[in-house]
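Participant: Structure in structure tokens, see below.
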Amino acid sequence: MSIYIEIRIKGSLDDIWEKTQNPELHNLWDARFTSITYLPRADETAPQRFRYATRIGLGIEIEGEGETVGGHAKEGERTSALKFWSQDRKSLIRNGSGYWKYIPEEDGVRFLTRYDYEIRFGWFGRFVDRRFFRPFLGWATAWSFDRLRLWIEKGIDPALSRRQFLVHLLCRLSVAFVWCYHGLVPKILFRHPDEYVMLTDAGVSQPTAELGVFAAGIGEILLGLLTLFCFRSRWPFVATMAVMTVALVGVAINSPRFLVAAFNPVTLNGLLTVMSLIGLLVMGDLPSASRCLRRQPEKEK
């Protein structure tokens, strides 16, 4: 199944064309590539060949080559057709082809791509591609298209978009982990005595405290999971800040001795509140794959 991505960008066709066809600019916003280099060609009528490289971590780099031909179509539309291949044995992709299309509209440009490829490594390669690689590549393409949109529409440098996205991701993962860990480990699995003491100090009976700690553990795990999976929602961060503040005040009033313990709610609640605040502050204008259309309209198939 081929990969199809479409986004509408409020910008000029010439600007979008330049940022997608100039390899030095293309490399800035497209997360699929680490570097793109145009190769010399014999004359202007020949397809433009290029060499690309992608780092996949641990110092490993995958290289390949391709060629592209751009042209004009009816009513000002432009199309860029490409073929690509890799002789790098580490590459899952053997070869492929596709196109970019630029369709002018009243308030901008409808920018879309469709591509497909053949893979290596037999049944194992097909399994990895179908379950992991192709979905990830589609997501990376859509995420990159929205990063391009932010660059053109709002002037946000692609490097800044990536940095804000990573900061937000780390904040969300951290907050989600803390909620899940504290809900599961001290409250449900090991039932740490301090969890019950803080409730009984507040006047809760022992049987009710036991039920309350278990319920709190379930609630914290749910909030952690919602923080992670409601990726574009602000409310998990807001809820975290509110709960941490109320909990800290409650401990200070009812169990002040815990405030000077080796591992205490002042540092935990304070850091979790700050992480949530940072996550909120960087949420504005984050690139998102969800802003792209991932299926070709039926009337155009």
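Residues 209 to 509 in this note's numbering are what the sequence shown lists, from first letter to last. Note that the Cβ used here is the ideal one computed from N, Cα and C, for glycine as well. Keep in mind it's a predicted model, so treat the numbers as computed, not measured.
Applying the criterion that 16 or more other CB atoms from any shown protein chain within 10 Å of the CB defines a buried residue, is A350 buried or exposed?
Facilitator: Classification for A350: buried.
Participant: Taking the alpha carbon of G487 as the point to measure from, which residue in L233, R371 and W225 has its own alpha carbon closest?
Facilitator: R371
Participant: Can at least three beta-carbon pairs, one atom from the region 339-355 and one from the region 488-501, be found at a separation below 8 Å?
Facilitator: yes
Participant: Would you kindly work out how many angstroms separate the C-alpha atoms of G316 and E508, rounded to a whole number?
Facilitator: 20 Å
Participant: Compare the C-alpha of W359 against each of Y212, I224, R499 and R502 and name the closest.
Facilitator: I224
Participant: Should W443 be labelled buried (16 or more other beta-carbon atoms within 10 Å of its own) or exposed?
Facilitator: Looking at its Cβ environment, which holds fewer than 16 other Cβ atoms inside 10 Å, W443 is exposed.
Participant: How about R240 and L247: do their beta carbons lie closer than 7 Å?
Facilitator: no
Participant: Give the straight-line distance between the Cα atoms of G363 and E226, rounded to the nearest whole angstrom.
Facilitator: 15 Å
Participant: Roughly how many whole angstroms lie between the Cα atoms of L489 and G427?
Facilitator: 25 Å
Participant: From V454 to K309, what does the alpha carbon distance come to, in whole angstroms?
Facilitator: 53 Å
Participant: Spatial neighbours of T276 within its chain, please: C-beta separation below 6 Å, excluding the five flanking residues on both sides.
Facilitator: Q256, S288 and L290
Participant: Cα-Cα, which of D296, L320 and R318 is closest to I327?
Facilitator: D296
Participant: Tell me the start and end of each unbroken alpha helix (DSSP H) in the region 301-337 that is at least 4 residues and wholly inside, in chain order.
Facilitator: 330-336
Participant: Nearest to H234 by CA position, among R302, V336, W293 and A367, is which residue?
Facilitator: Selected option, being the one with the closest Cα: A367.
Participant: Measuring alpha carbon to alpha carbon, tell me which residue in G304, T245 and C388 is nearest I211.
Facilitator: G304
Participant: Could you pull out every unbroken beta strand (DSSP E) segment of at least 3 residues lying fully inside the region 215-280, listed in chain order?
Facilitator: 243-246, 256-265 and 268-280
Participant: Scan the region 390-426 and note each continuous alpha helix (DSSP H) run of 4 residues or more that stays entirely inside, going in chain order.
Facilitator: 401-408
Participant: State the Cα-Cα distance for the pair V457 and G411, rounded to the nearest angstrom.
Facilitator: 16 Å
Participant: In this structure, does DSSP put K291 in helix, strand or coil?
Facilitator: strand
Participant: Starting from L501, follow its DSSP beta bridges and name the residues at the other end.
Facilitator: E214
Participant: Closer than 8 Å is the cut-off here; do at least three beta carbon pairs connect the region 373-391 with the region 497-506?
Facilitator: no
Participant: Can you tell me which of the three DSSP states M491 falls into?
Facilitator: coil
Participant: In terms of residues, what are the limits of the alpha helix (DSSP H) holding K362?
Facilitator: R342 to K362
Participant: Given a cut-off of 7 Å, decide if N477 and D409 are closer than it, judged by their beta-carbon atoms.
Facilitator: no
Participant: Just verifying my parser: in three-state terms, what is the DSSP assignment at F439?
Facilitator: Note: F439 maps to coil in three-state DSSP.
Participant: Out of curiosity, what's the CA-to-CA distance linking V474 and W237?
Facilitator: Their backbone Cα atoms lie some 41 Å apart in a straight line.
Participant: Report yes if the CB atom of P312 is closer than 7 Å to the CB atom of L221, and no otherwise.
Facilitator: yes
Participant: Kindly list the residues whose CB is nearer than 8 Å to the CB of V459, restricted to its own chain and excluding five residues on each side of it in sequence; keep chain order.
Facilitator: M406, F466, L467 and P473
Participant: Candidates A384, V421, V386 and S382: which alpha carbon is nearest F398's?
Facilitator: V421
Participant: Got a sec? Which residues, its chain only, sit under 7 Å from S382 by beta carbon, not counting five neighbours each side?
Facilitator: M483
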